[in-house]
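Going letter by letter, the sequence shown gives residues 1 to 511 in the working numbering.
Every residue gets a Cβ at the ideal spot worked out from N, C-alpha and C, and that includes glycine.
Source: prediction; values computed, not measured.
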Amino acid sequence: MAGLLVGALVLGPMADRFGRRTIVLLSVFFLLLFGVSLAFSPNIYVYMFLKFSSGISISGIIANSFVIGGEWSDSSKFAFCTIICHSCFPIGLMMLSGIAYCIRNWRILQLVLFSPLLLVLGMYYWILPESARWLMTQGRKEDVQKEIQRAARVNGRKVPEDLLDMLEVEASSRSGNMVDIFRLSYLRKRALIMSYVWFGTSMVYYGLSLNVGNFGLNIFLTQFIFGIVELPARLGSLLLIQHFGRRICQAGVLIFGGATCLVILAIPKDLPAVITTIAVLGKFAATASFSVVYVYTAELYPTILRQNGVGLNSMCARVAGILAPLIRLLEVYHYTIPMLTYGIVPIAAGGFCLLLPETLNVELQDHAELTKPENGRTDSILFDKQEKSLKGTKLLIGQVFTGLSFPHHCNTDWILTRGPNLTYEQQRNLTLPVNKDGRFESCEMFTPVDLDLKTIEAYGINSTTGCNEGWVYETPIGASSIVTEFDLVCDRSSFLATSQSIYMAGYLVEP
1 MAGLLVGALV LGPMADRFGR RTIVLLSVFF LLLFGVSLAF SPNIYVYMFL
51 KFSSGISISG IIANSFVIGG EWSDSSKFAF CTIICHSCFP IGLMMLSGIA
101 YCIRNWRILQ LVLFSPLLLV LGMYYWILPE SARWLMTQGR KEDVQKEIQR
151 AARVNGRKVP EDLLDMLEVE ASSRSGNMVD IFRLSYLRKR ALIMSYVWFG
201 TSMVYYGLSL NVGNFGLNIF LTQFIFGIVE LPARLGSLLL IQHFGRRICQ
251 AGVLIFGGAT CLVILAIPKD LPAVITTIAV LGKFAATASF SVVYVYTAEL
301 YPTILRQNGV GLNSMCARVA GILAPLIRLL EVYHYTIPML TYGIVPIAAG
351 GFCLLLPETL NVELQDHAEL TKPENGRTDS ILFDKQEKSL KGTKLLIGQV
401 FTGLSFPHHC NTDWILTRGP NLTYEQQRNL TLPVNKDGRF ESCEMFTPVD
451 LDLKTIEAYG INSTTGCNEG WVYETPIGAS SIVTEFDLVC DRSSFLATSQ
501 SIYMAGYLVE P
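Shown next, in the form of structure tokens:
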């Protein structure tokens, strides 16, 4: 569970930065490596380390595979794709019960369970696409078109070229990070509530799953029954959330799952069949809650922050997974404490769900908005780093205004010693290279040479260098910022992001 926690915290942001497909492939490879290595563990310490590493890899697979499927689907089909992915879990759980029953040697069991991942890795490498939505947020229009054409070929369809040309992607975009979620009040509220919802969901799920040996029946049979009940729970949750909505269903299954844990306390221990039946109902609710929470969480965050949000919330679920087996140790003080905890926590989480917005039939967001959307209206978009319109000054005025960016290029006054009467346009043409977009480079200039002006005009300069003599900014009269004051551009631009992060660190602890 500790590995799952670290994986949720680390691999979610990595997927938003490097892409969903890359992280899934990397996670499958490492799960294969660590899973097979488990079979050769010489001692418990190596075993625990490999289990920890495997947990990190599993988080990367779980958190990203369903997002790829969901982001490739229409908003109305997002829940369907997510739950179909999750419906494979109970199939694996039932197979695991049977395989474990037949193979009692744990080393051989490890090899049997993890060796097939080699085939999975090869299959994923050839058929798994990158998320088109993620590519669009990165401004990679050509890659988006290729992936869409590839998907069309698989489905036996043809996409008109003029339709592909109409795709609008971000000209310049950067990946969001965890701090950006807490920067906006409505996202901060969603993140905090969903973190507790994930915590409560995981608490009741693992609380019941890990207590399977205490319900009085054969552990293999009970685990197999748990696997059987998970399949209708996951598929049935799709019908429920499509009819009643995400919020009500999420709250309902959490409250029901918590209530079953409390009811178990009232059942005499000499009735194991009754206890197991109640536990199966609780497992049904907990499983449905996990299916709904993945759909609901992904729909609450914009694409550019989706993996950060899912990773943050999933991290809280892993904390609950770590605590769930430890809570069982509290029964030495009183036998009711574990089940009381497993019951009360999800019931409270169900209540908090009612504070969240409904996302049924709502179009998936690609970017975070400054204020919570009302009646489908959007005020403006965050994360366009090079936004230059005045409405950008409305973004946390103190921070954004002091960090405004302006068009800039290298200071090339050295050429004026060869020709003091050069116009500004002539100076730029002789000293600044042009990029593929036909614009002057912002962070490079032609290397100063010891030649006269006529020779430079006739033959030009072939080599380039950085802005060794500083920059020139095209700012409106009277305007300035810390960018122009401290030259926070080009190879120094990271200082701007650092200053913003430091500001947000203070903002997070504001009363």
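query	result
Where TYR342 sits in the DSSP three-state scheme	helix
Buried versus exposed call for LEU390 [16 or more other C-beta atoms within 10 Å across all chains shown]	Only weak support is given to the placement of LEU390: the predicted model assigns it a pLDDT of 29, under 50, and the value that follows is read from those uncertain coordinates. Per the 10 Å Cβ criterion, exposed.
Element boundaries [alpha helix (DSSP H), containing TRP134]	132-137
Alpha-carbon to alpha-carbon, ARG246 and SER291	11 Å
Element boundaries [beta strand (DSSP E), containing TRP471]	471-473
Euclidean distance between Cα positions of ALA320 and MET203	5 Å
Cβ-Cβ distance between GLU147 and PRO129 below 7 Å	yes
Cβ neighbour criterion (16 or more within 10 Å) applied to TRP471	buried
Residues near SER237 by beta carbon distance below 6 Å, same chain, minus five either side	ALA288, SER291 and VAL292
Minimum C-alpha distance to PHE256 - residue among SER314, PHE284 and LEU221	PHE284
The region 85-101 touching the region 251-268, judged by at least three CB pairs closer than 8 Å	no
Reduced DSSP category for VAL274 - H, G, I as helix; E, B as strand; rest coil	helix
Selection from PRO346, LEU453, SER37 and LEU312 that minimises the alpha carbon distance to SER54	SER37
Cβ-Cβ distance between LEU117 and LEU235 below 7 Å	no
Euclidean distance between Cα positions of VAL28 and LEU323	26 Å
DSSP-derived helix/strand/coil call for VAL46	helix
Three-pair Cβ contact test at 8 Å for the region 456-464 versus the region 428-446	yes
Three-pair Cβ contact test at 8 Å for the region 85-93 versus the region 225-232	yes
Cβ-based neighbour list, LYS51, same chain, cut-off 6 Å, excluding 5 preceding and 5 following	none
Limits of the unbroken alpha helix (DSSP H) element including CYS261	246-265
Inter-residue spacing [alpha-carbon to alpha-carbon] between TYR196 and ILE127	36 Å
Candidates PHE49, THR277, PHE80 and LEU340, of which the one nearest PHE34 by Cα	PHE49
Paired residues, beta bridge with MET445 - DSSP	THR465
Own chain partners of ARG328 with C-beta closer than 6 Å, once the 5 adjacent residues on each side are dropped	PRO338
Nearest candidate by alpha-carbon position, reference ASN435, set HIS409, LEU451, ILE181 and LEU453	HIS409
Check whether GLY258 and GLY343 have beta carbons under 7 Å apart	yes
Pair within 7 Å by beta-carbon distance, GLY200 and PRO325	no
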